[in-house]
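**Student:**
There are 2 protein chains.
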Amino acid sequence: MPSVTRKPQTARKQQRRETLGRQLLEATERLMGEGLTFTELSVDRLASEGGISRATFYVYFEDKGQLLRLFAQHVFADLTEAAQRWWNSADARDPEDLRASITEIIARYRDHRSVLYAVIEMAAYDSEVDELYRGIMDGLVDAIAAIIERGQAAGTIAPMPVRATASALTWMVERTCHQTLRFTPESEDGALADSMTEVIWRTLYLEPAPRP
Amino acid sequence: MPSVTRKPQTARKQQRRETLGRQLLEATERLMGEGLTFTELSVDRLASEGGISRATFYVYFEDKGQLLRLFAQHVFADLTEAAQRWWNSADARDPEDLRASITEIIARYRDHRSVLYAVIEMAAYDSEVDELYRGIMDGLVDAIAAIIERGQAAGTIAPMPVRATASALTWMVERTCHQTLRFTPESEDGALADSMTEVIWRTLYLEPAPRP
DNA sequence: ATGTTGTCAAGACAGTATGTCTGGATTCTC
DNA sequence: GAGAATCCAGACATACTGTCTTGACAACAT
Numbered sequence: 004m005p006s007v008t009r010k011p012q013t014a015r016k017q018q019r020r021e022t023l024g025r026q027l028l029e030a031t032e033r034l035m036g037e038g039l040t041f042t043e044l045s046v047d048r049l050a051s052e053g054g055i056s057r058a059t060f061y062v063y064f065e066d067k068g069q070l071l072r073l074f075a076q077h078v079f080a081d082l083t084e085a086a087q088r089w090w091n092s093a094d095a096r097d098p099e100d101l102r103a104s105i106t107e108i109i110a111r112y113r114d115h116r117s118v119l120y121a122v123i124e125m126a127a128y129d130s131e132v133d134e135l136y137r138g139i140m141d142g143l144v145d146a147i148a149a150i151i152e153r154g155q156a157a158g159t160i161a162p163m164p165v166r167a168t169a170s171a172l173t174w175m176v177e178r179t180c181h182q183t184l185r186f187t188p189e190s191e192d193g194a195l196a197d198s199m200t201e202v203i204w205r206t207l208y209l210e211p212a213p214r215p
Numbered sequence: 004m005p006s007v008t009r010k011p012q013t014a015r016k017q018q019r020r021e022t023l024g025r026q027l028l029e030a031t032e033r034l035m036g037e038g039l040t041f042t043e044l045s046v047d048r049l050a051s052e053g054g055i056s057r058a059t060f061y062v063y064f065e066d067k068g069q070l071l072r073l074f075a076q077h078v079f080a081d082l083t084e085a086a087q088r089w090w091n092s093a094d095a096r097d098p099e100d101l102r103a104s105i106t107e108i109i110a111r112y113r114d115h116r117s118v119l120y121a122v123i124e125m126a127a128y129d130s131e132v133d134e135l136y137r138g139i140m141d142g143l144v145d146a147i148a149a150i151i152e153r154g155q156a157a158g159t160i161a162p163m164p165v166r167a168t169a170s171a172l173t174w175m176v177e178r179t180c181h182q183t184l185r186f187t188p189e190s191e192d193g194a195l196a197d198s199m200t201e202v203i204w205r206t207l208y209l210e211p212a213p214r215p
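Okay, here's the thing in structure tokens:
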């Protein structure tokens, strides 16, 4: 039978889990900032850097994957918030709005690049992380698909395969951020925003012209 | 001193390495076809499936990474050949040419998806594989950048950040193939080609129209 | 103050992988 | 058929994972 003398302290444990999560997030960012890969980080190294023992780590987390999924949820919440700005203003057809939204997404991506890098890394071989990441990205694709459909209904966006185009644009932003931010300094983020804005703008909003 | 009685048989060894490489490639595709991840494949499992012992594997290959880089070189040669078709015909500004090129790239990508998936997977945490992959992709970006520059010089392509746009389009194709081909059947490759053709066409060749 | 409870670090443990290195068997080559 | 190359089976040291136990310590209720 369950304990009678003391109520289960799952809430307390949950709180502790989150505290440790924050500590370990900082530890992860520190270690990855030194050029280490998340895969290369052993649980021992990670726990030590976070100020706890390996045994304690396993009290609160199943494994590195669960920890990373915890990190990811916070980061994705922030990133999705930035993306929201885009699709809230998408119907306005204002290129400046679009550019500002893309700029915001790039900035958030840069802030969280350590965790995002770890997620992408682990998604490549861990199916649970992969599913989480794909779920998030699918959500973004859906939102853009909705924009395209609204635009087509209103006659402001040309006919095109909705879902596939939304997917192409979404993954373009994701992968370009991922590959570019790793090596280029923040000072070039403007050019990056320009070119992605241009591609999206021309794809979605430019009037079709007769082809030669 | 070096052996006198028998000349070093490095050529022979090299040949054997390639034979084994082919065997192991087939083994890899077989195992990954069963849903296994390249990371999950132990050297032991891989060698057994390829008909050799683990010890023999280490005679011919440093580790799984070197083997994968060997695979990758063949696959990339084939893929680059397909991409060549695009930039050979790019100046012609024929949308049908563009669509045919993209279709060809998708088909080759689908053929080699096991190895490509393994490469992308391992590039995420192995810096040598990462460098190989980035090198290949950089080559593609360069080629597209050259197309854009030629087009701009000829006045057929609008002013835009050359390198960043080339990068965005390249990674769009890469990532969309990667994410889409994993889950959708071959029958949908046509729609995929349509939408990517549309994005590239509109980005590069469409006449600018006055913005609202 | 005293005993109960939750928390933690430390260490032991089995299981699995890696990469290296034997010895002995087999196959190739001259 | 002798000598060399090639292979396999197995042993080895190392490293990491995930589980478990132990003992120390602090919070807390009575």
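Those protein sequences? They're chains A and B, same order as listed. Just add 3 to the spot in the first sequence (first one is 1) and you have our numbering. Just add 3 to the spot in the second sequence (first one is 1) and you have our numbering. Ideal Cβ placement from N, Cα and C applies to all residues, glycine included. Given the structure is predicted, the values throughout are model-derived calculations rather than measurements.
Per DSSP, what kind of secondary structure is histidine 115 of chain B in: helix, strand or coil?
**Tutor:** Correct three-state label for histidine 115 of chain B: coil.
**Student:** Thinking just about the alpha-carbon of each residue, which of A:Arg48, A:Met175, A:Tyr63, A:Gln155 is nearest to the one in leucine 207 of chain A?
**Tutor:** Minimum Cα distance to leucine 207 of chain A is reached at A:Gln155.
**Student:** Determine contact between the stretch 110-120 of chain A and the stretch 31-40 of chain A, defined as no fewer than three beta-carbon pairs at a distance below 8 Å.
**Tutor:** The answer is yes - the stretch 31-40 of chain A touches the stretch 110-120 of chain A, with three or more Cβ pairs under 8 Å.
**Student:** At the level of alpha carbons, what is the spacing between threonine 95 of chain B and threonine 42 of chain B?
**Tutor:** Sequence inspection shows alanine at residue 95 of chain B; the threonine mentioned does not correspond to that position. Cα to Cα, alanine 95 of chain B sits roughly 43 Å from threonine 42 of chain B.
**Student:** Kindly indicate if chain A contains any beta-carbon less than 8 Å away from that of serine 190 of chain B.
**Tutor:** Not an interface residue.
**Student:** Between the stretch 81-103 of chain A and chain B, which residues of the former have CB atoms less than 7 Å from a CB of the latter, in chain order?
**Tutor:** Residues passing the 7 Å Cβ filter: Arg96, Pro98.
**Student:** For isoleucine 150 of chain A, return the contacting residues in chain B, with the cut-off set at a CB-CB distance below 7 Å.
**Tutor:** Going along chain B, no residue has its Cβ under 7 Å from isoleucine 150 of chain A, so there is no contact; the nearest lies around 15 Å.
**Student:** Return the residues of the stretch 41-56 of chain B that lie within a Cβ-Cβ distance of less than 8 Å from chain A, sorted by chain order.
**Tutor:** From the stretch 41-56 of chain B, only Phe41, Thr42, Glu43 have a Cβ closer than 8 Å to chain A.
**Student:** Against tyrosine 128 of chain B, what residues of chain A qualify as contacts under a CB-to-CB distance less than 9 Å, listed in chain order?
**Tutor:** Those within 9 Å of tyrosine 128 of chain B in chain A are Thr40, Phe41, Thr42, Glu43, Glu124, Met125, Ala127, Tyr128.
**Student:** Given this structure, state the Cα-to-Cα distance separating glycine 24 of chain B from valine 144 of chain A, to the nearest angstrom.
**Tutor:** The alpha-carbon atoms of glycine 24 of chain B and valine 144 of chain A are separated by roughly 39 Å.
**Student:** For a test of the three-state rule: what should DSSP assign to glycine 24 of chain A, helix, strand or coil?
**Tutor:** In this structure, glycine 24 of chain A counts as helix in the three-state DSSP scheme.
**Student:** Strictly under 8 Å for the Cβ-Cβ distance: is threonine 59 of chain A near chain B by that measure?
**Tutor:** No, no contact with chain B.
**Student:** How would you write the range of the alpha helix (DSSP H) that threonine 59 of chain A sits in, first residue to last?
**Tutor:** Start and end: 57-63.
**Student:** Measuring only the C-alpha atoms, how far is arginine 113 of chain A from leucine 184 of chain A?
**Tutor:** Looking at the two C-alpha atoms, the distance is approximately 7 Å.
**Student:** In the structure shown, what three-state DSSP assignment does arginine 96 of chain B receive?
**Tutor:** Three-state result, arginine 96 of chain B: coil.
**Student:** Please classify phenylalanine 186 of chain B as buried or exposed, where buried requires at least 16 neighbouring CB atoms within 10 angstroms.
**Tutor:** So phenylalanine 186 of chain B ends up on the exposed side.
**Student:** Expressed to the nearest angstrom, what Euclidean distance is found between the alpha-carbon atoms of glutamate 152 of chain A and valine 165 of chain A?
**Tutor:** Rounded to the nearest angstrom, the two C-alpha atoms are 7 Å apart.
**Student:** Can you list the alpha helix (DSSP H) stretches of 4 or more residues lying completely in the stretch 128-167 of chain B, in chain order?
**Tutor:** Entirely contained in the stretch 128-167 of chain B, the alpha helix (DSSP H) runs reaching 4 residues are, in chain order, 130-157.
**Student:** What residue range is occupied by the uninterrupted alpha helix (DSSP H) comprising aspartate 47 of chain B?
**Tutor:** First-last of the alpha helix (DSSP H) with aspartate 47 of chain B: 46-52.
**Student:** Which residues in chain B have a C-beta closer than 7 Å to the C-beta of arginine 205 of chain A? List them in chain order.
**Tutor:** Within 7 Å Cβ-Cβ: Arg205, Thr206, Leu209.
**Student:** Whose C-beta lies closer than 8 Å to the C-beta of threonine 83 of chain A among residues of the same chain, with five residues either side of it excluded?
**Tutor:** Excluding residues within five positions, the ones whose Cβ falls inside 8 Å are Ile139, Gly142, Leu143.
**Student:** Could you give the distance in angstroms between the alpha-carbon of glutamate 134 of chain B and the alpha-carbon of threonine 40 of chain A?
**Tutor:** The alpha-carbon atoms of glutamate 134 of chain B and threonine 40 of chain A are separated by roughly 14 Å.
**Student:** Report yes if the CB atom of alanine 80 of chain A is closer than 8 Å to the CB atom of isoleucine 108 of chain A, and no otherwise.
**Tutor:** In this structure, isoleucine 108 of chain A does not lie closer than 8 Å to alanine 80 of chain A by Cβ.
**Student:** Among the candidates A:Gly38, A:Leu73, A:Ser51, whose CA atom is the shortest distance from the CA of arginine 20 of chain A?
**Tutor:** The candidate whose alpha carbon is nearest that of arginine 20 of chain A is A:Leu73.
**Student:** Please list the residues of the stretch 154-168 of chain B that have a C-beta atom closer than 7 Å to any C-beta atom in chain A, keeping them in chain order.
**Tutor:** Within the stretch 154-168 of chain B, the residues whose Cβ lies closer than 7 Å to some Cβ of chain A are Met163, Pro164, Ala167, Thr168, listed in chain order.
**Student:** Please confirm whether leucine 101 of chain A and leucine 70 of chain A have their CB atoms less than 8 Å apart.
**Tutor:** Not closer than 8 Å, so no.
**Student:** Classify alanine 167 of chain A as buried or exposed, calling it buried when 16 or more other Cβ atoms lie within 10 Å of its own Cβ.
**Tutor:** The residue is buried, with at least 16 neighbouring Cβ atoms inside 10 Å.
**Student:** In whole angstroms, what is the alpha-carbon distance linking serine 104 of chain A and arginine 205 of chain A?
**Tutor:** Cα to Cα, the separation comes out at about 16 Å.
**Student:** Measure the Cβ-Cβ separation of glutamate 177 of chain A and arginine 178 of chain B and say whether it is below 8 Å.
**Tutor:** Yes, the pair counts as a contact, with Cβ atoms nearer than the cut-off.
**Student:** Going by beta carbon distance, what residues of the same chain come within less than 8 Å of serine 216 of chain A, once the five residues before and after it are set aside?
**Tutor:** The requested residue 216 of chain A does not occur in the structure, where chain A is confined to residues 4 to 215.
**Student:** Identify whether threonine 40 of chain A lies in helix, strand or coil by the three-state DSSP scheme.
**Tutor:** Threonine 40 of chain A: coil per DSSP, three-state reduction.
**Student:** Could you pull the start and end residues of the alpha helix (DSSP H) that threonine 187 of chain A belongs to?
**Tutor:** First-last for threonine 187 of chain A: undefined, no H or E at that position.
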